[in-house]
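Report on the structure given below.
There are 2 protein chains.
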Amino acid sequence: MIKPRSRRGGGRPTIADVARKAGVGAITVSRALREPGRVSEDLRRQIESAVNELGYMPDPNARALASARAEVFGVLVPSLTNNVFAEVVRGIYDSLSDGPFRIQLGNTHYSGLEEERLLQVFGPQRPAALIVAGIDQTPASRKLLETAGCPVVQVMETGPDPVDMMVGFSHFEGGKAAAEHLIEAGYRRIGFIGARMDPRSQRRLAGYRAAMEAAGLFDPRLTTTTPVPSSVTLGRELFRDALAKVPSLDGVFCNNDDIALGVLFECHRASIAVPKTIGIVGFNDLDMMEVAFPSVTSVRTYRYEIGRRAVAMALAAIEGNRPEQRVVDLGFELKRRESTAR
Amino acid sequence: MIKPRSRRGGGRPTIADVARKAGVGAITVSRALREPGRVSEDLRRQIESAVNELGYMPDPNARALASARAEVFGVLVPSLTNNVFAEVVRGIYDSLSDGPFRIQLGNTHYSGLEEERLLQVFGPQRPAALIVAGIDQTPASRKLLETAGCPVVQVMETGPDPVDMMVGFSHFEGGKAAAEHLIEAGYRRIGFIGARMDPRSQRRLAGYRAAMEAAGLFDPRLTTTTPVPSSVTLGRELFRDALAKVPSLDGVFCNNDDIALGVLFECHRASIAVPKTIGIVGFNDLDMMEVAFPSVTSVRTYRYEIGRRAVAMALAAIEGNRPEQRVVDLGFELKRRESTAR
DNA sequence: CTACGTCATGGTAGCGCTACCAGTTATCGC
DNA sequence: GCGATAACTGGTAGCGCTACCATGACGTAG
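Chains as they are written, first to last, in our numbering: chain A, 1 to 342; chain V, 343 to 684.
Structure follows, in structure tokens:
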């Protein structure tokens, strides 16, 4: 008894349909699609026109099953709304949109456990590559990454001992440069204001501390932090706290630009002169920092470029030529602006 | 000749391994995992423990191939960095993170053609649901959505004639409310400043225009727009242009909060009193608008909630009980603040 | 006591594709 | 001119899972 052409498939053309129409074997169609160089000019053309006529598109699920490899990049970030990670994701996306690879997103919510869980879910899918934010994976996550059997790129930070590859920059050096700039500009009672305090923020704080200690200016009371998620509103509140604690405060290095903006607005509201009375430095250099009044000094980071580079490295590794430089430091740039021009 | 256990599989346990260990048929394991109610208490327990011992996780690719349905939500947004869409995606993500569904992201870059291309790519994957931003799909995209064979939710806007379901609000009404508020507050030469001018911005403009015309205040020279992507920097520039064109300008309704912030900063820089000389209204009500100095009136929109609701509706439809209300309007709220308190 | 539904379970046959290997035909060196 | 090598092509056998149907056990109605 002959079954209907396809019980479940919904009537989409399959590779067999293309093969029949082109008068070749199914495997040749498969090859023509994936490695055109290994199929003769003649057949390639025939197959191509059959594909076009039928509107054939390979089923990625079948492909993944047969080849034990899905054309998917797994991307794990701690937040989707934080502009910094959104830009990284955009860089990843833009670099991938030409090729066959899809993106599967995971939001770890800054939680190591959630990261573990997501890696466990990603594993059985056999992704073509994994891109994860940060370098502070739990031991279990690290093992999952090592045994994933695909290229892995840790992004946003550099550090020793990459799982596989890394693209980022040193948050410690960024924080240090920011604090040094404030010191050079003549500020003395320079506070650190930070929210969320994820590992990257911690390292910025460490850089700030190193610079302050080197200048003999460090004072633990100058540091105001909270694990609460960052926001402009929170920046204002933390700044108020800091000022209440240390009225002699004459500068602040903010964990990020949202906090810096909150500080700036509070200065306006309280008629505190910037940069005269208080100097402000942010981190990441969002678009708005240059436009703000006064414009705000910030540490420019190359988030979009990090995403692009991560994909480039992963793609190279997939092709078999793993870059000799496994850890890429894209650096940062301190943008000096009015908020510290005393 | 006996082959090695698995040529390609990499040695992960399969459903057959679990079945063997539990002493049942493979299909029963499959059922125990997907519809536990259809398997007896006894076997269920045995299977469960076999799964745990082996650390079995079903292969989503094989599952998708066999059932002709992938546990994937396709999500198409015009931008990843625009906070508005990032929040929608976050809402979608948070609502999906419990269940089996993965998220596959597509960035249309505000292009209808790119949207078409992405839908074509998504199709063969047989996603469980599609969530797309906007209601202005090209005819080809619309057809792809209609024939996708899965629930479709259009988000961010409401309108007549949904492909399937819709969650959003009326940008026309939002724009109208913003303009009416400025008029009530006593402003007369109220400009519209807009960047990008995607369909949603166009409708906000239309709402503004309707309000202005109703009050006999409309003047085409009051409208300043550009197709250039929105940014705080651009907000400043457009405001300068607007002011050069119409020096008597006494209020602006901005397409979005980034533009509004640029306007606010430029007012500071040029010593233009807000709200006295110029009233400012933004759109979306980002966190920072409340903290800004002066705080900025804005139209609050419920992006996160839109994402959550879209998933809830899609999930219900997958379960077979399509909500009777196919178009959900989540509305908006005009947040009156200092920037229009004349 | 038979007929028939219901429930729990399993066997079989694919889903659409690619890895592996075998076969066929040109091309080439000696 | 012959075997050898390379270049191309195809058949077969799965990948790991689930749809479909079959089976048997049990209960219930007639």
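Backbone N, C-alpha and C fix where the C-beta goes; we use that ideal spot for every residue, glycine too.
Interface residues of chain A around residue i at Cβ under 7 Å?
i                 : result
Gly604 of chain V : Val291
Phe607 of chain V : Val291, Ala292 and Phe293
Ala358 of chain V : The contacting residues do not exist; Ala358 of chain V stays about 15 Å from chain A at best.
Ala406 of chain V : Asn61
Using a Cβ-Cβ cutoff of less than 7 Å, which residues in the same chain neighbour residue i once the five nearest sequence positions on both sides are dropped?
i                 : result
Glu522 of chain V : Ala553
Pro199 of chain A : Gly134 and Asp136
Phe85 of chain A  : Val77, Pro78, Ser79 and Ala133
Ala50 of chain A  : Val18, Lys21 and Ala22
Arg349 of chain V : Only weak support is given to the placement of Arg349 of chain V: the predicted model assigns it a pLDDT of 47, under 50, and the question is left unresolved by the model.
Glu114 of chain A : Thr108
Leu653 of chain V : Inspection of the sequence shows that residue 653 of chain V is occupied by Val rather than by Leu. Correct list, in chain order: Ile434, Ser437 and Leu438.
At what residues does the alpha helix (DSSP H) containing residue i begin and finish?
i                 : result
Thr370 of chain V : Ala368 to Arg376
Glu345 of chain A : Not covered by the structure: residue 345 of chain A. The range shown for chain A is 1 to 342.
Gly194 of chain A : Element bounds for Gly194 of chain A: not the alpha helix (DSSP H) but the beta strand (DSSP E), Ile190 to Gly194.
Asn83 of chain A  : Asn83 to Leu96
Gln154 of chain A : Premise fails: Gln154 of chain A lies in the beta strand (DSSP E), Val152 to Glu157, not in any alpha helix (DSSP H).
Gln604 of chain V : The residue you asked about is not Gln; residue 604 of chain V is Gly in the sequence shown. Asp599 to Arg611 is the span of the alpha helix (DSSP H), which, as asked, contains Gly604 of chain V.
Glu579 of chain V : Val574 to Lys587
Leu407 of chain V : Pro402 to Ser409
Asp287 of chain A : Asp287 to Val291
Excluding the 5 residues flanking residue i on each side, which residues of the same chain have their C-beta closer than 6 Å to its C-beta?
i                 : result
Ala374 of chain V : Val381, Arg386 and Ile389
Ala346 of chain A : Shown here, chain A extends from 1 to 342; a query on residue 346 of chain A therefore has no answer.
Glu266 of chain A : Arg236 and Phe239
Phe192 of chain A : Leu205, Tyr208, Thr223 and Phe253
Met508 of chain V : Gln496, Thr500 and Val669
Phe122 of chain A : Gly74
Ala612 of chain V : none
Pro323 of chain A : Met313 and Ala316
Asn284 of chain A : Val84, Asn256, Asp257 and Thr301
Closer than 9 Å by beta-carbon distance: list the chain A residues that pair up with residue i, in chain order.
i                 : result
Thr575 of chain V : Asp287, Met288, Glu290 and Val291
His610 of chain V : His268, Ala292, Phe293 and Pro294
Gln467 of chain V : Asp59, Pro60, Asn61 and Arg102
Asn425 of chain V : Thr81, Asn83 and Ala86
Would you give the residue range spanned by the beta strand (DSSP E) that residue i belongs to?
i                 : result
Met508 of chain V : Met507 to Phe511
Lys363 of chain V : Element bounds for Lys363 of chain V: not the beta strand (DSSP E) but the alpha helix (DSSP H), Ile357 to Ala364.
Phe283 of chain A : Gly279 to Asn284
Taking residue i as the query, report the chain V residues whose CB atoms sit under 9 Å from its CB, ordered along the chain.
i                : result
Tyr93 of chain A : Leu422, Leu447, Gly448 and Asn449
Residues in the same chain with beta-carbon distance under 8 Å from residue i, minus the five sequence neighbours each way, listed in chain order, please.
i                 : result
Pro469 of chain V : Ala412, Val414, Phe415, Gly416, Gln446, Ala490 and Cys492
Gln462 of chain V : Leu486
Ile357 of chain V : Ala368, Val371, Ser372, Tyr398 and Pro400
Arg679 of chain V : Met631, Glu632, Pro636, Ser637, Val638, Thr639 and Ser640
Arg530 of chain V : Leu559, Asp592 and Gly593
Applying the 10 Å Cβ sphere with the 16-neighbour rule, what's the burial state of residue i?
i                 : result
Ala586 of chain V : exposed
Glu53 of chain A  : exposed
Arg5 of chain A   : Legend: pLDDT at Arg5 of chain A = 38, less than 50; position of this residue unreliable, value from coordinates given subsequently. Result: exposed.
Lys345 of chain V : Caution applies to Lys345 of chain V, whose pLDDT of 38 falls short of 50 and renders its modelled position unreliable; the value that the coordinates give is listed next. Burial call: exposed.
Arg645 of chain V : buried
Arg236 of chain A : buried
Glu429 of chain V : buried
Arg308 of chain A : buried
Met343 of chain V : Bear in mind that a pLDDT of 31 at Met343 of chain V, under 50, signals an unreliable position, so the model cannot answer this.
Ala214 of chain A : exposed
Gln343 of chain A : There is simply no residue 343 of chain A to check, as chain A begins at 1 and stops at 342 in what is shown.
Arg405 of chain V : buried
Arg203 of chain A : buried
Val228 of chain A : exposed
Gly11 of chain A  : exposed
Ala584 of chain V : buried
For residue i, go through chain V and note every residue whose CB falls closer than 7 Å to its CB, in chain order.
i                 : result
Val89 of chain A  : Leu422
Gly321 of chain A : The sequence as given places Asn at residue 321 of chain A; Gly does not occur at that position. Under the 7 Å cutoff, chain V gives no residues; its nearest Cβ is about 23 Å from Asn321 of chain A.
Arg236 of chain A : Val633
Below 8 Å on C-beta distance, what does residue i contact in chain V?
i                : result
Ala70 of chain A : Asn403
For the structure I just gave you, are there three or more beta carbon pairs, one from the region 174-189 of chain A and one from the region 246-256 of chain A, closer than 8 Å? yes
Specify whether the region 626-644 of chain V and the region 598-617 of chain V touch according to this definition: at least 3 beta carbon pairs, one from each stretch, less than 8 Å apart. yes
Answer yes if the region 447-456 of chain V comes into contact with the region 504-516 of chain V, meaning at least three C-beta pairs across the two stretches below 8 Å, and no otherwise. no
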